[in-house]
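Shown next, in structure tokens, is the structure this report addresses.
In the UniProt record's numbering, the protein residues as written are 1 to 173.
Shown next, in the form of structure tokens:
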């Protein structure tokens, strides 16, 4: 059965029962690519659920918010919420949303690493950002994309990844 509007699902976010809100978020996550304009009108409700750390699916709320902001072209907000999604943000998924968000994460991480390289008193890197970048490095290494991992390692000044890329690579020329 195809739905023609997300309004009914969005209205479930107002229900007092947490399980109903969880159901709504799972459905919204499945339809966000098609109904993001409609969902964006209620983004505040989703943001509130993300901020409620007692709510068991606050990371799913962050993932849905991230996807909505991605479709709106607000890539910095999209990245912020992707960080809040934790492991629900799957770096191994192959789609435009994930690729764009990872690119933004790597750019931001690179800026932070360079700032720390120049000034050790610079602002610390968000551990959630580092976790996403580390998962991306691991994906490159697992997929045998050693040159990509090597390039990213040099750009981000990650000598540990640089060394691992060289050691795992069969290309010694």
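Quick reminder that beta carbons are idealized off the backbone N, C-alpha and C, glycines included.
Runs of 4 residues minimum, wholly inside the segment 43–106: which ones carry the alpha helix (DSSP H) assignment? 43–51, 58–72, 75–84
For residue 125, the three-state DSSP class (helix, strand or coil): Along the chain shown, one-based indexing puts residue 125 at 125. Coil, per DSSP.
Inter-residue Cα distance where the pair is residue 36 and residue 163: Translated into positions along the chain shown, residue 36 becomes position 36. Translated into positions along the chain shown, residue 163 becomes position 163. So the alpha carbons of these two residues sit roughly 42 Å apart.
Taking contact to mean 3 or more Cβ pairs, one atom from each stretch, closer than 8 Å, check whether the segment 83–93 and the segment 52–65 are in contact. yes
Exposed or buried, residue 96, counting other C-beta atoms within 10 Å across all chains shown (16 or more means buried)? Within the chain shown, residue 96 is the residue found at index 96, counting from 1. Its Cβ having fewer than 16 others within 10 Å, residue 96 is exposed.
Kindly indicate the opening and closing residues of the alpha helix (DSSP H) around residue 169. As a first step, residue 169 must be located in the chain shown, where it is residue number 169. Note, residue 169: premise wrong, no alpha helix (DSSP H); not H, not E.
Close-in-space but distant-in-sequence residues of the same chain around residue 40 (CB under 7 Å, 5 per side omitted): Here the question's residue 40 lines up with position 40 in the chain shown. If we look at residue 40 and ignore the five residues flanking it on each side, its Cβ neighbours are 68, 72.
Quick one: grab the DSSP three-state call for residue 135. Reading the chain shown from its first residue, position 135 is the one you call residue 135. Helix, per DSSP.
If we call anything under 8 Å between Cβ atoms a contact, is residue 79 one with residue 29? As a working mapping, residue 79 is identified with position 79 in the chain shown. As a working mapping, residue 29 is identified with position 29 in the chain shown. Result no, Cβ atoms of residue 79 and residue 29 do not sit closer than 8 Å.
How is residue 22 classed by DSSP in three states: helix, strand or coil? Position 22 of the chain shown, counted from the start, is the residue given in the question as residue 22. In this structure, residue 22 counts as helix in the three-state DSSP scheme.
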